[in-house]
Each structure stands twice: as structure tokens, then as C-alpha cells.
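In my numbering, the protein residues as written are 1 to 281.
Have a look at the structure below before the remarks.
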Ligand code: ATR
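Rendered as C-alpha cells:
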């Protein structure tokens, strides 16, 4: 990679940031399009996030992605928020405006729905849906599903109060279900989404019995390490179409890349294999 003095700068801020796959992903696109630009990992502790974001225009950065734990603190720091980021209460993409303003958006929701649409036959209007989890990822998935036309969403979360708060906030058509009732909640569902960390390498297993889930229901896991989680393996074994979480990572990256580097990059199998090779190392 040879950069000129005019190279476009972007990156990802996280704490820690070393686990982030975004530099590899954006690096692939930069190389594919022979762009004079760079995308770097930026390790920023939570107490320095405002200083770090404010420094971006000074340093000539075009913007950054944000990952754990900065997504939820960024809305209060950004000068402008897109309506989706405001509703979700989290920013994962920051673009520096002409005037140096920090413009925050959330592409997790569009990444989630794009992945689902491209990799399954699930279409809105086929309710009910079941979402496991009530954290930031659940919020983005639920907002995406509601915006796509979902009319009935059941949220089950270990801490029921969080599910109730989320359901209340999202309004009509969304109900909280007790975690211990998650198996029964699958009855008649057309889509099951896991947004918890359960099933991720190094995390506890997701205990769920899919018996009540119709065989035509799409099962989507946003966990992508491993790529085929035990949930997806169980779904596949009984005939439910599975959708893995890697696609969400790839699709959420597209709008930021386009805004910073001026090219709409493609999500294709070559990119998928490239990112996957790193996950399997
Ligand atoms: P994110 O913003 O990435 O969604 P999060 O807010 O930490 O991350 O949410 C993690 C989700 O995984 C939560 O729904 C969490 O349940 P709680 O709200 O009860 O914490 C869920 N989760 C994590 N570990 C879990 C476990 N051992 N059993 C059940 N749910 C778990």
C-alpha cells in the first residue's frame, strides 16, 4: 500500500479494537478499487472518545466506524444524527461534514435487513417474529424489522425488564416474552433472530428447543464466530433456512466506505471468503 499526501483517512474506534475485522474488510475494498486511502484501527478508551472524535476533522479524517463500547455514547457527541441513529440510540458510522461537523448514522439496521433479504426468502408481512436479546444489536434488528414492515415481534431476553423496556419503546406490535417461555414463543413464527452473545466462541451455549418453530421459518444468528453457530446447525438439521451473521458485518460497512472513499463497494463471495479466512485463523 503506497499512499500519497492526499490519501483519504478513515478507521474504526473501539476499546479494545484489536478484535475488529473492519480494517481487513475495508482494506480489501481499498485494494480492489485501487483507492489512495487507508482504514486504520484506533484504540480509544471510553473516557477519551469525545476528544478522539473531535480530533478527526483536525487530522483530516473523513470519518470512522465505532464499535464496542462507543456506539451508545456517540449520539450525545455527534453534531448531527440521522433519524435511524436517533431511534436506535447508537451510532456506528461517523462522517465528517464539509464544515467539520460530526454526522452520526447507524448502518447496523440496514446491514441486518440487507443480509436477511439477500440470503433468505424472508419477506415482511409474514409475522410473528421472535428476537432473542434486548441489547444494542437487538434494538437495531428490531427497528430494521419494523421499518421493513414487521407487524408482530416477540422479544425474549434473560433480563426481562430490558425486553419490556425495548418493547415499550418500540411500540405497537412488539411484546416482551419471558426468557423461560422462549421455546413456546417460536410457535407460528416466520423468523427467529439471535442477537445475544450466546453460542459465540468462548460464550455459553444458547439453550433453545426449536420444536415449535415452523420448518419454513428463517433462523438468523448475528453471531459469526463460529460462522455456523449451534443454533444455525440445529436449524439446518431440521430444514429451517439459516442466515449467518457475517453478511450483516459486510453490509453494514458499505455506506461508510462509500461516504469516505467515494465508491459503492460490492459485497460478494470473494470478500466473504477473505474476511472468513481471518475468522478461521
Ligand atoms: P449488544 O449491544 O452487542 O447487543 P449487550 O447490550 O451486551 O450487547 O447485549 C447482549 C445480549 O446478550 C443481552 O440481551 C444479554 O442479556 P441480558 O440483557 O440479560 O444481559 C444477552 N446475554 C449475554 N449473556 C447471556 C447469558 N449467559 N444468558 C442469556 N442471555 C445472555
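Note that CB positions come from ideal geometry on N, CA and C, so glycine has one too.
Quick caveat: nothing in here was measured; it's all calculated off a predicted structure.
Using 9 Å as the threshold, is the C-beta distance between residue i and residue j below it?
{"i": "residue 32", "j": "residue 278", "result": "no"}
{"i": "residue 239", "j": "residue 229", "result": "no"}
{"i": "residue 111", "j": "residue 254", "result": "yes"}
{"i": "residue 268", "j": "residue 243", "result": "no"}
{"i": "residue 179", "j": "residue 158", "result": "yes"}
{"i": "residue 114", "j": "residue 247", "result": "yes"}
{"i": "residue 40", "j": "residue 60", "result": "no"}
{"i": "residue 275", "j": "residue 24", "result": "yes"}
{"i": "residue 181", "j": "residue 148", "result": "no"}
{"i": "residue 55", "j": "residue 75", "result": "no"}
{"i": "residue 241", "j": "residue 218", "result": "yes"}
{"i": "residue 185", "j": "residue 130", "result": "yes"}
{"i": "residue 17", "j": "residue 42", "result": "yes"}
{"i": "residue 81", "j": "residue 37", "result": "no"}
{"i": "residue 140", "j": "residue 108", "result": "yes"}
{"i": "residue 188", "j": "residue 214", "result": "yes"}
{"i": "residue 49", "j": "residue 70", "result": "yes"}
{"i": "residue 261", "j": "residue 8", "result": "yes"}
{"i": "residue 250", "j": "residue 264", "result": "no"}
{"i": "residue 103", "j": "residue 79", "result": "yes"}
{"i": "residue 119", "j": "residue 252", "result": "no"}
{"i": "residue 66", "j": "residue 94", "result": "yes"}
Could you check what DSSP says for residue i in three-state terms: helix, strand or coil?
{"i": "residue 183", "result": "helix"}
{"i": "residue 10", "result": "strand"}
{"i": "residue 153", "result": "strand"}
{"i": "residue 207", "result": "coil"}
{"i": "residue 275", "result": "helix"}
{"i": "residue 176", "result": "strand"}
{"i": "residue 129", "result": "strand"}
Between residue i and the ligand ATR, is the CB less than 8 Å from at least one heavy atom?
{"i": "residue 198", "result": "yes"}
{"i": "residue 273", "result": "no"}
{"i": "residue 157", "result": "yes"}
{"i": "residue 87", "result": "no"}
{"i": "residue 180", "result": "no"}
{"i": "residue 195", "result": "yes"}
{"i": "residue 203", "result": "yes"}
{"i": "residue 154", "result": "no"}
{"i": "residue 138", "result": "yes"}
{"i": "residue 133", "result": "yes"}
{"i": "residue 68", "result": "yes"}
{"i": "residue 21", "result": "no"}
{"i": "residue 121", "result": "no"}
{"i": "residue 48", "result": "no"}
{"i": "residue 236", "result": "no"}
{"i": "residue 162", "result": "yes"}
The alpha helix (DSSP H) spanning residue i covers which residue range?
{"i": "residue 145", "result": "136-147"}
{"i": "residue 160", "result": "160-170"}
So residue i is in the beta strand (DSSP E); what residue range does that whole segment cover?
{"i": "residue 192", "result": "191-194"}
Is there a C-beta anywhere in chain D that falls below 9 Å from the one on residue i?
{"i": "residue 170", "result": "Absent here is chain D; the protein component of the structure consists of one chain."}
Uninterrupted alpha helix (DSSP H) stretches inside the stretch 21-85 (no shorter than 4 residues): With a minimum length of 4 residues, the continuous alpha helix (DSSP H) runs that stay inside the stretch 21-85 are 22-32, 49-59.
Completely contained alpha helix (DSSP H) runs for the stretch 83-112, where each covers 4 or more residues: As far as the stretch 83-112 is concerned, its whole alpha helix (DSSP H) runs of at least 4 residues are 83-88.
Every unbroken beta strand (DSSP E) inside the stretch 222-272 [3 residues or more]: List check, beta strand (DSSP E) in window: nothing returned.
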